[in-house]
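Residue numbers (UniProt numbering): 1 to 402.
Beta carbons are placed, not taken as given, at the ideal position from N, Cα and C, and that holds for glycine.
Notes follow once the structure below has been shown.
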């Protein structure tokens, strides 16, 4: 855990911080996204047919990323306008730092022989795009999200003259840098528009998650609206693909129909998880017990995601099993069972001890170390210029790294 900063005069004059609240439903949804991605990587495939775990878990992960951004923002009212500006600068610096660290980790995981399309570097790039929108209100977020969703097909069409480009598993950072130098437009188009996880086109997913956080996740009405509107958006997206032959909502098609279909489903899942697990009563308590492994995985997703990539690489190199997408039956089912048991065991032990995942903790400490000098400079700029943020803000890796 991170030590709380010393109390300053501005802290004493500021209103009390809200007590940090952990939403168990968010942990469960995050755990579901991780489990879904693990399944997508190792389930045996007998044809090219799309599976339910294709694409949808990563989109759920992206919506949760946007939702987590709202949990990152300062939770204490600033004593002065200077405090507010300092708090926002600190939060943006923390987010940018986390984004860069995730990109570094993701690029390293790409070097392993797993055949997995690593999401972490794209995840970091999405966070960088969200830095200017971190404190935007719901109207601005909705306009930006809708604008990108509407203009997405046009932007993608502009890339059609470009030669095809694909990142391959096992590519070293030197290979990636060489590609960027050789064909910068092609590489950037892949990262932002045409790749497996196009950072710009997925911006509406993060905006939707951030809008949900801005709408008070503790409210039953908010949760019901998430389920209702999410299902409605999903029906529109998938319905368009069913009734309009020219429209595709396939996994990783990166079309408005896919984003509405899978993104709406993701929002509905999160709202449903909050209703199920964050409500009072014996049924919610029993549900939390039954879903404890999923909740535990959702509390240390960065560690579990990285661990499963490392184990797949080990199985591929040491035992010739795999790589991802190439598991035969029953090897794939055994691998899925092993990965889920190991992940759940590690996560449950950590949760029982009240510990954070090792990567979550490391990310938090590095981010805090980078952001601390900025906070000290802001605090020293004059009277009443402390950040006024909750002690957990910018230091709890689960809000962003998870």
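Distance, residue j Cα to residue i Cα
i           : j           : result
residue 67  : residue 296 : 18 Å
residue 213 : residue 26  : 11 Å
residue 33  : residue 157 : 30 Å
residue 106 : residue 341 : 24 Å
residue 183 : residue 192 : 14 Å
residue 85  : residue 194 : 36 Å
residue 151 : residue 327 : 38 Å
residue 237 : residue 53  : 17 Å
residue 368 : residue 221 : 35 Å
residue 331 : residue 319 : 11 Å
residue 275 : residue 59  : 21 Å
residue 231 : residue 36  : 19 Å
residue 312 : residue 244 : 39 Å
residue 381 : residue 72  : With a pLDDT of only 46 at residue 381, under 50, the local geometry of the prediction cannot be trusted, and the value read off the model is given with reservation. Spanning the two alpha carbons is a distance of roughly 24 Å.
residue 241 : residue 228 : 20 Å
residue 110 : residue 180 : 15 Å
residue 137 : residue 196 : 29 Å
residue 108 : residue 280 : 43 Å
residue 346 : residue 177 : 35 Å
residue 282 : residue 235 : 33 Å
residue 149 : residue 140 : 14 Å
First through last residue of the alpha helix (DSSP H) which encompasses residue i
i           : result
residue 421 : Nothing about residue 421 can be read from this structure; the chain reaches only from 1 to 402.
residue 305 : 301–319
residue 123 : 120–130
residue 57  : 56–72
residue 194 : Taken as a continuous stretch (DSSP letters only), residue 194 belongs to no alpha helix (DSSP H), as it is neither H nor E.
residue 116 : Run containing residue 116: none; DSSP gives neither H nor E here.
residue 53  : From DSSP, residue 53 is part of no alpha helix (DSSP H); its letter is neither H nor E.
residue 213 : 203–214
residue 155 : 138–157
residue 188 : 184–189
Classification of residue i by the beta-carbon crowding that lies within 10 angstroms, buried from 16 upward
i           : result
residue 267 : buried
residue 49  : exposed
residue 315 : buried
residue 55  : buried
residue 278 : buried
residue 337 : exposed
residue 356 : buried
residue 121 : buried
residue 219 : exposed
residue 61  : buried
residue 211 : buried
residue 118 : buried
residue 401 : At residue 401, the pLDDT of 44 sits below 50, so the modelled position is not reliable and the matter cannot be decided from this model.
residue 92  : buried
Presumed contact (8 Å Cβ cut-off) between residue i and residue j, rounded CB distance
i           : j           : result
residue 285 : residue 351 : Not really, about 16 Å apart at Cβ, beyond 8 Å.
residue 162 : residue 185 : 7 Å
residue 302 : residue 363 : 7 Å
residue 203 : residue 261 : Residue 203 to residue 261, Cβ: 17 Å. No contact.
residue 324 : residue 115 : 4 Å
residue 273 : residue 29  : 5 Å
residue 317 : residue 164 : Contact doesn't hold; Cβ gap of about 28 Å is too wide.
residue 128 : residue 87  : That pair is no contact at about 20 Å.
residue 408 : residue 335 : There is no way to answer for residue 408, as the model of the chain reaches only from 1 to 402.
residue 432 : residue 223 : One cannot answer for residue 432 here, as it falls past the ends of the chain, which runs 1 to 402.
residue 404 : residue 252 : Because the chain here runs from 1 to 402, residue 404 falls outside it and cannot be looked at.
7 Å Cβ cutoff, residue i in contact with chain C
i           : result
residue 307 : The structure shown contains no chain C; it holds only a single protein chain.
At 4 residues or longer, what runs of the alpha helix (DSSP H) sit wholly inside the UniProt domain "DUF418" (216–367)?
Within the UniProt domain "DUF418" (216–367), the runs of alpha helix (DSSP H) that reach at least 4 residues and sit entirely inside it are, in chain order, 220–243, 256–277, 282–290, 292–299, 301–319, 331–352.
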